[in-house]
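The sequence shown: position 522 = 517 (this note's numbering), numbered continuously. Think of the CB as a built atom: it goes at the ideal place given N, C-alpha and C, for glycine as much as any other residue.
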Amino acid sequence: MTSCRKIAATTFALLAIAALSKGAVATTVRGTNWWKHVQVLASDDLRGRAAGTREHHLAAEYVASEFHRLGLEPGGDRGYFQTVRLVSRSIDEGSSALTLSREGSDRPVTLGAEALYQMSAAPPDSLAAELVFVGYGLKADEAGHDDLRGLDLRGKIAVFIQGGPADLREPLRSHAQSVWVRWAALREAGAIGWISIPNMRYMDVPWERIALQRLLPAMVLADSTLDDRKGQRLGILWNPSSAELLFTGTGTRFADLMALADSGRPLPTFPLKATVHARVRYRSRVVESENVVAVMPGKDPALRGESIVLSAHLDHLGVGTPVDGDSIMNGALDNAAGVATLLEVARLAKMGAWRGRRSLVFLACTAEEKGLLGSRYFSARPTRAAGALVGDLNVDMLLPIVPLKRLIVFGIDESNLSTAVALAAQHADVELQADPEPLKNRFIRSDQYSFIRAGVPSVAFKCGYLAGSAQESVMTTWLHSRYHAPSDDLAQPVDLAAADEFSNLFYEIARDAADRNEAPRWNDSSFFRRFSVAR
Ligand SMILES: [Zn+2]
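Right, here's the structure in full:
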């Protein structure tokens, strides 16, 4: 611990000097403090902050030391740290293979180009199983939707196209598509694994880039009671461009199924009359990573036992296959920027000598990129110092690359956190905007979903834009070129004023949520209310 701190201190002194010598923005510019944190966390020295690495640990040390400097109390189980134990699996692809067999003929599948193993499943050395096409693979009883009805999936691999039919409404559709709900339904029907085919229309990351990252370790929580893929022995992601292979000879073309999916119609289900033979060699080990947790205790004796969590993930993807000679995925906007926002809120509170009636918990969590693992662990096993979690405000990929005129708030219609958000937005002259891309399921794709599952009302944020505007193309271009790529680094254009305005807005929302008489609660009509009732 001591020696680690020493290393960290030296490293950050060096980083600070490096940042200055690179001619960092002048101190009078808005957002400078925010940007300095981003510069540290997204520097090449921290090598993309992959969960379980020394560099993630150094990043955690930096955040903890900043929390300390800003007057926040340690809220972990080891000072500012909460240890998260993870099982890490790295495939040895050269010794692994995948074959598709149909009517006595074998077709080797090219790993990487045509399909890849999802190592968050726990495969045996070798496995052979029949394939059944299960449409979207969704079961949502309350909407009377069941793709698995009448199918014999026992011992079989379920093949599905990502997405859901239009008659399944949001947010039920997104929820049913989450790994835990979809896999729970398939497991219950007897399936031992899945082949997931993305719908190209909704892929933020092109297949080529997904394939580049397939050799990075996959992770699951070591606490198997929190493993959403429990019982999954085979997980395969299949390139939609090669998916016709799976349907050869069935009388149904993949292209026709995609046409149905694209028009939001239900999909048929049928056996594929094919078998996969999987040989998977991999290295598995337990690694430890950490959530960084800091607390600003509430001042109201009646309310200080309740806490509003401000969360942002600290980890990113680490070092991968080089793109244009750069292999470090710095994760500047995903999500060093979000952690920097938490630090800014702590600074604003300190400057304003503000303290809430409820407690605020600042959570920089690990392993979001591995499947929301750090937040899942924290929300299921909160530290003692964190108190009772009553609300979560999450920042992940806010994308302050356009002026902050509009704000998309995921979950705004679900809880009375909307009041705090609307007031702060009005105050900042920022217009709230509905999610223009509901089919991308963002409300369930970041750490807020871990809190939702634990019954905690949550919202998450993204800079907004008008359809057809120049800002929209800035956003779209970013997703296609920089998202989960080495170019999400410090050399990209960032709107410091937008980041600064958001920090202030976020601070206001946190204040409101902490000071209001009533704790955040789900709206009676909210789909997500069920998890708090079940609690
Ligand atoms: Zn990410």
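Note on geometry: alpha-carbon atoms of residue 317 and residue 207 lie some 9 Å from one another. Minimum Cα-Cα distance from residue 237 among the listed residues 268, 263, 276 and 193 corresponds to 193. The beta carbon of residue 175 sits closer than 7 Å to those of 223, all from its chain and outside the five residues before and after it, given in chain order. Residue range 121 to 128 is occupied by the beta strand (DSSP E) that includes residue 122. Taken from the Cβ of residue 329, at least one heavy atom of ligand 1 lies inside 7 Å. Cβ contact annotation for residue 295 (same chain, cutoff 6 Å, sequence separation greater than five): 352, in chain order.
Here residue 152 is near residue 189, since their CB atoms are less than 8 Å apart. When DSSP states are grouped into helix, strand and coil, residue 411 belongs to the coil group.
For residue 51, the distance from the CB to the nearest heavy atom of ligand 1 is not below 7 Å.
DSSP places residue 461 outside any beta strand (DSSP E), giving it a letter other than H or E. With 16 or more other Cβ atoms from the protein chains shown falling within 10 Å of its own Cβ, residue 496 counts as buried.
For residue 140, the shortest C-beta to heavy atom distance toward ligand 1 is 7 Å or greater. Classified as buried, residue 443 has 16 or more neighbouring CB atoms from the shown chains inside 10 Å of its CB. Exposure of residue 149 is indicated by the presence of fewer than 16 other C-beta atoms within 10 angstroms of its C-beta.
Comparing alpha carbon positions, the residue from 256, 226 and 326 closest to residue 132 is 256. By the beta-carbon neighbour count (other beta carbons within 10 angstroms, threshold 16), residue 363 is buried.
Residue 488 is classed as exposed because its beta carbon has fewer than 16 other beta carbons within 10 Å across all chains shown. No residue range can be given for residue 300, since it is assigned to no beta strand (DSSP E) and is classified by DSSP as neither H nor E.
Per the C-alpha coordinates, the member of 420, 386 and 381 positioned closest to residue 400 is 420. Annotated three-state conformation of residue 291 is strand, per DSSP.
Shortest gap from the CB of residue 475 to any heavy atom of ligand 1: 7 Å or more. Boundaries of the alpha helix (DSSP H) harbouring residue 34: 27 to 36, taken from the DSSP string.
Residue range 76 to 86 is occupied by the beta strand (DSSP E) that includes residue 81. In the DSSP assignment, residue 97 falls outside any alpha helix (DSSP H) and lies within the beta strand (DSSP E) extending over 92 to 97.
Taking each of 413, 261 and 335 in turn and checking the Cα distance to residue 454, the smallest one comes out for 413. Nearest to residue 314 by alpha-carbon distance, out of 249, 209 and 35, is 209. Nearest Cα to residue 186 within the set 217, 225 and 216: 225. Ranking 388, 247 and 471 by CA distance to the CA of residue 498 puts 388 first. Under the three-state reduction of DSSP output, residue 339 falls in the helix class. Separation of residue 494 and residue 37 (C-alpha to C-alpha, rounded to the nearest whole angstrom) is 16 Å. Closest in alpha carbon position to residue 81, among 53, 126 and 279, is 279.
Put simply, of 303, 472, 298 and 281 the residue whose alpha carbon is nearest the alpha carbon of residue 288 is 303. It is roughly 6 Å from the alpha-carbon of residue 79 to the alpha-carbon of residue 283. In the structure shown, the three-state DSSP call for residue 233 is strand. Unbroken alpha helix (DSSP H) runs of no fewer than 4 residues, entirely contained in the region 477 to 506, are not found. The region 121 to 135 and the region 160 to 167 touch, with no fewer than 3 CB-CB distances between them shorter than 8 Å.
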